[in-house]
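In mature numbering (1 follows the signal peptide of the UniProt record, and there is no 0), the protein residues as written are -22 to -1, 1 to 114.
Note sheet for the following structure.
Now the structure itself:
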């Protein structure tokens, strides 16, 4: 189950809506690509809004955080709860869905340098994976 959660997050794009509107963080909103990925390869911008290019690359590391959801190339997660912790770590309690299943997932994020987002494996993680911000 943990592997499914990590895979869902790794391929998930974020989008917020409905009751989770209160969970929004304008500082997290945006399109992000992980190590070895290119913004122009992953996203297209139309009318000022970023979205994934089609077809989506199932093996890419990219996130789209918008409103009350997180999207990856293969999954969409609704943000059920957002909490701020020590060292600038934000914990997101997500309900993620892909073509195969739906599962709860925890995501740990913090802001990095130059608008980047850092995805952590736990609240205590000090390194994590850096995601470059492509678009607001």
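Note that beta-carbon positions come from the ideal geometry of N, C-alpha and C, so glycine has one too.
Note that the coordinates shown come from a computational prediction; the quantities given were computed from them, not determined experimentally.
**Report entry** Closest Cα partner of residue 7 within the set 79, 16, 88 and 75
**Finding:** Residue numbering aside, residue 7 sits at position 29 when the chain shown is read from its first letter. When each option's Cα is compared against that of residue 7, the closest is 88.
field: Proximity to residue 15 [Cα-Cα], best of 103, 5 and 38
entry: As a position in the chain shown, residue 15 is number 37, starting the count at 1. The residue with the shortest Cα to Cα distance from residue 15 is 38.
Terminal residues of the beta strand (DSSP E) in which residue 71 lies:
For the purposes of this step, residue 71 is taken as the residue at position 93 of the chain shown. Element bounds for residue 71: 68 to 75.
What residue from 99, 83, 77 and 106 has the CA that sits closest to residue 90's CA?
Position 112 of the chain shown, counting from 1, holds the residue named residue 90. Residue 106 is the option with its Cα nearest to residue 90.
Practice task
Tell me where the alpha helix (DSSP H) around residue 18 begins and ends.
Solution key: Taking the chain shown and counting its residues from 1, one reaches residue 18 at position 40. It spans 17 to 20 - the alpha helix (DSSP H) in which residue 18 sits, taken as one unbroken run.
Checklist entry - With which residues is residue 82 paired in a DSSP beta bridge? => result Locating residue 82 in the chain shown gives position 104, where the first residue counts as 1. In DSSP, residue 82 forms a bridge with 73.
*On the three-state DSSP scale, how would you describe residue 91?*
Stepping through the chain shown from its first residue, residue 91 is reached at position 113. Here residue 91 sits in helix by DSSP.
Residue 74 beta carbon less than 7 Å from that of residue 46
Here residue 46 is taken as the residue at index 68 of the chain shown, counted from 1. Here residue 74 is taken as the residue at index 96 of the chain shown, counted from 1. Not in contact: residue 46 and residue 74 (Cβ atoms no closer than 7 Å).
Fill in: CA nearest to the CA of residue 101, picked from 51, 44, 32 and 84
If you number the chain shown from 1, residue 101 lands on position 123. For residue 101, the nearest C-alpha among the options comes from 84.
At the level of alpha carbons, what is the spacing between residue 35 and residue 11?
To locate residue 35, count along the chain shown from 1; it is residue 57. To locate residue 11, count along the chain shown from 1; it is residue 33. One C-alpha to the other measures close to 12 Å.
| request: Please work out which residues of its chain come closer than 8 Å, Cβ to Cβ, to residue 77, disregarding the five sequence neighbours upstream and downstream, and give them in chain order. | output: Here residue 77 refers to the residue found at position 99 of the chain shown. Result list for residue 77: 52, in chain order.
CB-CB under 7 Å to residue 5, same chain, minus the five flanking residues each way: which ones, in chain order?
The sequence position of residue 5 within the chain shown is 27, counting from 1. For residue 5, where only same-chain residues beyond five positions count, the Cβ hits under 7 Å are 89.
| task | Less than 8 Å between the CB atoms is what I'm expecting for residue 112 and residue 58, so what's the real figure, rounded? | result | Reading the chain shown from its first residue, position 134 is the one you call residue 112. Reading the chain shown from its first residue, position 80 is the one you call residue 58. Contact flag wrong, Cβ pair sits at about 26 Å.
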